[in-house]
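Colleague: Mind looking over this structure? Questions follow.
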Ligand SMILES: Cc1cc2nc3c(=O)[nH]c(=O)nc-3n(C[C@H](O)[C@H](O)[C@H](O)COP(=O)(O)O)c2cc1C
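Residue numbers (our numbering): 58 to 373.
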């Protein structure tokens, strides 16, 4: 059994803080770095991808809609130019990967694992859930058989010391089906949720705002959905319930009580994305809010994991 070796339960959510340049600007002594347990990179693919035409992001009344289209310079560039910038970083680095075919996921993972800088990487997060790419993306994540095969292909190609995390899509009826498939494929950790597919139309031009027409919704609007999905996996999947397969809860976290809700639903750690665009101090605020809460009652974050499943047994 592999645990999440984190000093804090807070992580960045993939795609919301770049590959390395943006993070490299933060000093190791900064409050943000001290509050974080891990840094998760934006998604990497085998070959460079230009991403979608603009607009790529639109703010809606209840959240952010994005359709970046996995823009990145490809795994070779990442390993040569971007990954080394994280060498002196005091945080575990988790590299988020995507692919258009099952084979491509395995190839990206193998490239990372065999690279000279592989010691900088603590884990790989497999994105089987992007709603913004035509090939693969969410189509993989909604098919449990494909999820299992993608996880298997990554596990076969990576160094055993890499933590393998599978990131699930909320664009399904029953999240526990792809979650179980990822576990069968050998995932060490589950993360959920990616964005929910959505649309926004500009009534002045009568056109969708986004160049790609549809996008993925993130931010406070999706918190209850993500929370429910973490709760369901913790409740229905024995490996999650026994904490053999930890869950990283992601989606709409914007204050410390949101983070605690995810932990009480069954998450061991939480990822935060959109809220960081709004508030550059979000991580220290989450950290100090959680710290105040647990210190008040002399409990640990670990003791709170899944507490919402013990209704009535825990008085607080
Ligand atoms: C601009 C943007 C880019 C994203 N890029 C990725 C990505 O490359 N890989 C991935 O797995 N998730 C990606 N996501 C999804 C986030 O990691 C996260 O799952 C989602 O935004 C929900 O969390 P939040 O409400 O805290 O933002 C992206 C989200 C946003 C807003």
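Virtual Cβ for every residue (Gly too), placed ideally from N, Cα, C.
Bear in mind that the values here come from a model prediction, so they are computed numbers and not experimental data.
In angstroms, rounded to a whole number, what distance separates the CA positions of residue 350 and residue 291?
Modeller: Locating residue 350 in the chain shown gives position 293, where the first residue counts as 1. Locating residue 291 in the chain shown gives position 234, where the first residue counts as 1. Cα to Cα, the separation comes out at about 23 Å.
Colleague: Taking just the CA atoms, how far does residue 305 sit from residue 64?
Modeller: Here residue 64 refers to the residue found at position 7 of the chain shown. Here residue 305 refers to the residue found at position 248 of the chain shown. If you take the alpha carbons of residue 64 and residue 305, they lie about 14 Å apart.
Colleague: Using a Cβ-Cβ cut-off of 6 Å (strictly less than) and excluding sequence neighbours within five positions of residue 119, which residues of its own chain qualify?
Modeller: Translated into the one-based positions of the chain shown, residue 119 becomes position 62. Cβ within range, chain order: 278.
Colleague: Just reading off the alpha helix (DSSP H) that residue 326 is part of, what are its end residues?
Modeller: For the purposes of this step, residue 326 is identified with residue 269 of the chain shown, where counting begins at 1. Careful: residue 326 lies outside any alpha helix (DSSP H), inside the beta strand (DSSP E) at 326-329.
Colleague: Mind checking who residue 69 pairs with in its DSSP beta bridge?
Modeller: On the chain shown, residue 69 is found 12 positions in, with the first residue counted as 1. In DSSP, residue 69 forms a bridge with 329.
Colleague: Put residue 346 into one of helix, strand or coil per three-state DSSP.
Modeller: On the chain shown, position 289 is the one that residue 346 refers to. Three-state DSSP puts residue 346 in a helix.
Colleague: If you measure from the CB of residue 228, is any heavy atom of ligand 1 nearer than 6 Å?
Modeller: In the chain shown, the residue the question calls residue 228 occupies position 171. Result no, Cβ not under 6 Å from ligand 1.
Colleague: So does residue 111 have its beta carbon nearer than 6 Å to some heavy atom of ligand 1?
Modeller: Counting from one through the chain shown, the residue named residue 111 turns up at place 54. No, Cβ of residue 111 sits at least 6 Å from all heavy atoms of ligand 1.
Colleague: Where does residue 309 sit, in a helix, a strand or coil, going by DSSP?
Modeller: One-based indexing of the chain shown puts residue 309 at position 252. In the structure shown, residue 309 sits in coil (DSSP, three-state: anything other than H, G, I, E or B).
Colleague: Is any heavy atom in ligand 1 found nearer than 6 Å to the beta carbon of residue 71?
Modeller: Sequence index remark: in the chain shown, residue 71 carries index 14 (1-based). Correct: residue 71 has its Cβ closer than 6 Å to ligand 1.
Colleague: Count the other CB atoms, across all protein chains shown, that sit within 10 Å of the CB of residue 270; report buried if there are 16 or more and exposed otherwise.
Modeller: Here residue 270 refers to the residue found at position 213 of the chain shown. It is exposed - the Cβ of residue 270 has fewer than 16 other Cβ atoms within 10 Å.
Colleague: Could you say if the region 222-232 and the region 258-272 meet the contact criterion of at least three C-beta pairs nearer than 8 Å?
Modeller: Touching, no.
Colleague: Evaluate the contact criterion for the region 237-244 versus the region 79-88: three or more CB pairs, one atom per stretch, below 8 Å.
Modeller: No, they do not touch.
Colleague: Per DSSP, which residues does residue 283 bridge with? Please list them.
Modeller: For this step, residue 283 is matched to residue 226 along the chain shown. None; residue 283 has no bridge partner.
Colleague: Just list the beta strand (DSSP E) runs in the region 202-250, keeping only unbroken ones of 3 residues or longer that don't cross its boundaries, in chain order.
Modeller: Listed in chain order, the complete beta strand (DSSP E) runs (minimum 3 residues) inside the region 202-250 are 220-225, 246-249.
Colleague: Helix, strand or coil: which one does DSSP assign to residue 278?
Modeller: Here the question's residue 278 lines up with position 221 in the chain shown. Residue 278 falls in the helix class under three-state DSSP.
Colleague: In angstroms with no decimal places, state the Cα-to-Cα distance between residue 373 and residue 367.
Modeller: Working through the chain shown from its first residue, we reach residue 373 at position 316. Working through the chain shown from its first residue, we reach residue 367 at position 310. Residue placement at residue 373 is poorly supported in this model, since its pLDDT is 46, which falls under 50; the coordinates still yield a value, given next. Approximately 12 Å, taken between the alpha carbons.
Colleague: What residue range does the beta strand (DSSP E) around residue 116 cover?
Modeller: In the chain shown, residue 116 corresponds to position 59, counting from 1. Residue 116 -> beta strand (DSSP E) spans 114-117.
Colleague: Measuring CB atoms only, is the region 87-105 touching the region 128-136, in the sense that at least three cross pairs come out at less than 8 Å?
Modeller: Cβ pair count under 8 Å is three or more, so yes.
Colleague: For the candidate residues 215, 122, 264, 104, whose alpha-carbon lies nearest to that of residue 134?
Modeller: Here residue 134 corresponds to residue number 77 of the chain shown, with the count starting at 1. That would be 104, whose Cα lies nearest to the Cα of residue 134.
Colleague: With a CB to CB cut of under 8 Å and the five nearest residues on each side skipped, what residues in its chain are close to residue 321?
Modeller: For the purposes of this step, residue 321 is taken as residue 264 along the chain shown, with counting starting at 1. Cβ neighbours of residue 321 beyond the five flanking positions: 361, 362, 363, 364, 365.
Colleague: How long is the line joining the alpha carbons of residue 330 and residue 70, rounded to whole angstroms?
Modeller: For the purposes of this step, residue 330 is identified with residue 273 of the chain shown, where counting begins at 1. For the purposes of this step, residue 70 is identified with residue 13 of the chain shown, where counting begins at 1. About 5 Å.
Colleague: Tell me where the beta strand (DSSP E) around residue 256 begins and ends.
Modeller: In the chain shown, residue 256 corresponds to position 199, counting from 1. Residues 253-256.
Colleague: Give the single residue among 281, 313, 335, 164 whose Cα lies nearest to the Cα of residue 345.
Modeller: Residue mapping note: residue 345 aligns to position 288 of the chain shown, counting from 1. Comparing Cα positions, the closest option is 313.
Colleague: Relative to ligand 1, is the shortest distance from any of its heavy atoms to the C-beta of residue 329 smaller than 6 Å?
Modeller: Residue numbering aside, residue 329 sits at position 272 when the chain shown is read from its first letter. At least one heavy atom of ligand 1 is nearer than 6 Å to the Cβ of residue 329, so yes.
Colleague: Could you check whether the Cβ of residue 251 sits closer than 6 Å to any heavy atom belonging to ligand 1?
Modeller: The residue you call residue 251 lines up with position 194 of the chain shown. Yes, since a heavy atom of ligand 1 falls inside the 6 Å radius drawn around the Cβ of residue 251.
Colleague: Do you know whose CA, among 199, 95, 75, lies nearest residue 328's CA?
Modeller: The residue you call residue 328 lines up with position 271 of the chain shown. With distances taken between Cα atoms, residue 328 lies closest to 95.
Colleague: Excluding five sequence neighbours on each side, which residues of the same chain lie with their C-beta closer than 7 Å to the C-beta of residue 213?
Modeller: The residue given as residue 213 occupies position 156 in the chain shown. Contacts found: 163.
Colleague: Is it a yes or a no for the region 174-185 touching the region 143-162, going by three-plus beta-carbon pairs under 8 Å?
Modeller: Yes, they touch.
Colleague: Which whole-angstrom value describes the C-beta separation of residue 183 and residue 208, a residue pair presumed to lie in contact below a C-beta threshold of 8 Å?
Modeller: On the chain shown, position 126 is the one that residue 183 refers to. On the chain shown, position 151 is the one that residue 208 refers to. About 6 Å separates the two Cβ atoms, so the contact holds.
Colleague: Relative to ligand 1, is the shortest distance from any of its heavy atoms to the C-beta of residue 125 smaller than 6 Å?
Modeller: The count along the chain shown starts at 1 and reaches residue 125 at position 68. Under cutoff, so the answer is yes.
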